[in-house]
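Heads up: the sequence shown runs through residues 347 to 419, numbered per this note's numbering.
Structure first, commentary second.
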Amino acid sequence: MSSLTCSLVKERCIACGLCAVYAPEIFDYDEEGIVLFTQEPTSTHQYIANDQYDATLKAYQKCPVRAILIEKE
Ligand code: SF4
């Protein structure tokens with residue numbers, strides 16, 4: 347099973363809100379609507395657990411500005 351790491355490029359985020367619709371356990375927003383990780387709000391990298399792969403990939407695909415990056419290992 348490959349592992350998945352997710353990174354956020356916050357300066358690209360346009361606060362559209364889509365990522366937390368698709369993966370609310372992974373993505374949340376600060377008070378200005380800019381993406382952050384639900385579990386670790388101050389982090390820009392996060393390891394994604396297996397049960398969140400599909401939701402995270404969906405959010406990655408839906409982000410209109412590629413503020414979410416995915417790395418498979
Ligand atoms: S989908 Fe992309 S642009 Fe929209 S809030 Fe999430 S990270 Fe930001």
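All C-beta atoms in this analysis are idealised placements derived from N, C-alpha and C, irrespective of residue type, glycine included.
Bear in mind the structure is a predicted one, so any value in this text is a computation, not a measurement.
query, result
"Is Val367 buried or exposed, if buried means 16 or more other CB atoms sit within 10 Å of its CB?", "exposed"
"In angstroms with no decimal places, state the Cα-to-Cα distance between Cys362 and Thr388.", "20 Å"
"Can you grab the Cα-Cα spacing for the pair Leu354 / Thr390, in whole Å?", "5 Å"
"Asp374 bridges to which residues according to DSSP?", "Leu382"
"Does the distance between the C-beta of Cys365 and the nearest non-hydrogen atom of the ligand SF4 fall short of 7 Å?", "yes"
"Drop a sphere of 10 angstroms on the beta-carbon of Thr351, count the other beta-carbons inside from all chains shown, and report buried for 16 or more, exposed for fewer.", "exposed"
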